[in-house]
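Novice:
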Amino acid sequence: MVFYRQNVVLTQSDPGESMASDRKQLEYAELLPAHGCFLVCVSAPAEASVLETTFAESLYLLNARTLSIGKATLGGPKAGSAFLIGDLPWTRASEEVRGCSCSLKRSPKQSEAVAHLFEGLRRLQPVVPSIAVLVHSVRGNRVELEEVSLAGKEVLSLNALERRWPHLEEDVRYLLSGTGAERD
60 MVFYRQNVVL TQSDPGESMA SDRKQLEYAE LLPAHGCFLV CVSAPAEASV
110 LETTFAESLY LLNARTLSIG KATLGGPKAG SAFLIGDLPW TRASEEVRGC
160 SCSLKRSPKQ SEAVAHLFEG LRRLQPVVPS IAVLVHSVRG NRVELEEVSL
210 AGKEVLSLNA LERRWPHLEE DVRYLLSGTG AERD
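All you need for the numbering used here is the position in the sequence shown, starting with 1, plus 59.
Now the structure itself:
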């Protein structure tokens with residue numbers, strides 16, 4: 060599944076109006092799929108505190124190391140940390156975890172939260188050997204029950220990831236080049 064922007068043109072014809080005025084254009088930036096919510100997970104082979112101090116100033120984090128999405132983002136049972144990222148608090152009631160990363164659906168120029176995400180990735184790059192990012196469409200309402208199966212792996216630069224954001228394929232592990240990703 061691909062996350063992408065869609066421009067829609069709606070046309071309305073009213074009797075008595077000219078052809079030039081009957082075209083009303085509505086553009087909106089809405090991400091698909093229709094499920095609405097998605098999760099963004101960032102992982103690195105580093106202590107959790109490294110990721111926490113990098114992102115916690117401006118974004119909310121949820122430790123995802125033991126969740127399916129965290130394991131997929133790490134690339135299996137590897138040492139490291141994985142966090143779900145959003146600009147709203149994650150809620151936890153006993154064993155249930157609720158929340159999403161939907162605020163990160165827009166491009167970095169349109170969203171302060173996305174700009175913070177990429178600022179954090181830039182700060183993280185020089186201090187960790189590799190970074191992975193994974194986007195997953197939510198199918199339920201409980202984060203801890205979401206099952207993630209990797210659909211692929213792609214190595215790209217942080218600039219390329221930012222240019223493509225949010226047009227990313229679901230469940231692909233995006234490894235940032237220049238951080239040791241080539242060896243991962």
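C-beta: ideal position from N, C-alpha, C; glycine also.
Hey, quick one: how far does the beta strand (DSSP E) through ALA228 stretch, first residue to last?
Specialist: Taking the sequence shown and counting its residues from 1, the one referred to as residue 228 is at position 169. Position check: residue 228 holds Glu in this sequence, whereas Ala was assumed. Taken as a continuous stretch (DSSP letters only), GLU228 belongs to no beta strand (DSSP E), as it is neither H nor E.
Novice: Do ALA138 and VAL101 have their CB atoms nearer than 9 Å?
Specialist: In the sequence shown, residue 138 corresponds to position 79, counting from 1. In the sequence shown, residue 101 corresponds to position 42, counting from 1. No, these two residues do not count as a Cβ contact at 9 Å.
Novice: Give me whichever residues DSSP pairs with ARG165 in a beta bridge.
Specialist: Your numbering for residue 165 matches position 106 in the sequence shown. For ARG165, which the question treats as bridged, DSSP gives no partner whatsoever.
Novice: Using the C-alpha atoms, what's the distance from ARG222 back to PHE97?
Specialist: Locating residue 97 in the sequence shown gives position 38, counting from the first residue. Locating residue 222 in the sequence shown gives position 163, counting from the first residue. One C-alpha to the other measures close to 19 Å.
Novice: Whole angstroms is fine: what's the gap from PRO92's alpha carbon to GLU229's?
Specialist: For the purposes of this step, residue 92 is taken as the residue at position 33 of the sequence shown. For the purposes of this step, residue 229 is taken as the residue at position 170 of the sequence shown. Confidence at PRO92 is low in this model, with a pLDDT of 36, below 50, so the placement of that residue should be treated as unreliable; the coordinate-derived value is given next. In this structure, the straight-line span from the alpha carbon of PRO92 to that of GLU229 is close to 10 Å.
Novice: Near PRO74, what residues of its chain come up, given a Cβ to Cβ distance below 6 Å and the 5 sequence neighbours on each side ignored?
Specialist: Within the sequence shown, numbered from 1, the residue matching residue 74 stands at position 15. Residue placement at PRO74 cannot be trusted, given a pLDDT of 38 that sits under 50; what the coordinates show is reported in the next sentence. Excluding residues within five positions, none has a Cβ falling inside 6 Å.
Novice: Compute the Euclidean distance between the alpha carbons of ALA103 and ARG124, then round it to the nearest angstrom.
Specialist: The count along the sequence shown starts at 1 and reaches residue 103 at position 44. The count along the sequence shown starts at 1 and reaches residue 124 at position 65. Distance between the alpha carbons of ALA103 and ARG124: 10 Å.
Novice: Quick check on LYS168: buried or exposed, where buried means 16 or more other Cβ atoms within 10 Å of its Cβ?
Specialist: The residue you call residue 168 lines up with position 109 of the sequence shown. Looking at its Cβ environment, which holds fewer than 16 other Cβ atoms inside 10 Å, LYS168 is exposed.
Novice: Decide yes or no for the touch test of the segment 105 to 125 against the segment 177 to 187: beta carbon pairs closer than 8 Å, at least 3 of them.
Specialist: yes
Novice: Hey, out of ALA210, LEU120, SER170 and LEU180, whose CA is closest to CYS159's CA?
Specialist: Translated into the one-based positions of the sequence shown, residue 159 becomes position 100. It is LEU120 whose Cα lies nearest to the Cα of CYS159.
Novice: In the DSSP output, what is VAL214 paired with across the bridge?
Specialist: The residue labelled residue 214 in the question sits at position 155 within the sequence shown. For VAL214, which the question treats as bridged, DSSP gives the partners LEU234.
Novice: If I measure Cβ to Cβ from ALA172 and keep anything under 6 Å in the same chain, skipping five residues before and after, which residues do I get?
Specialist: Position 113 of the sequence shown, counted from the first residue, corresponds to residue 172. Answer for ALA172: ASP146, SER162 and LEU163, listed in chain order.
Novice: Considering only the alpha carbon of each residue, which of SER196, GLU178 and LEU234 lies closest to GLU116?
Specialist: Position 57 of the sequence shown holds residue 116. For the residues SER196, GLU178 and LEU234, the minimum Cα distance to GLU116 belongs to GLU178.
Novice: Taking the alpha carbon of ARG165 as the reference point, which residue from HIS226, TYR233, VAL231 and GLY211 has its own alpha carbon closest?
Specialist: Mapped onto the sequence shown, residue 165 falls at position 106. If we check each option's Cα against that of ARG165, HIS226 comes out closest.
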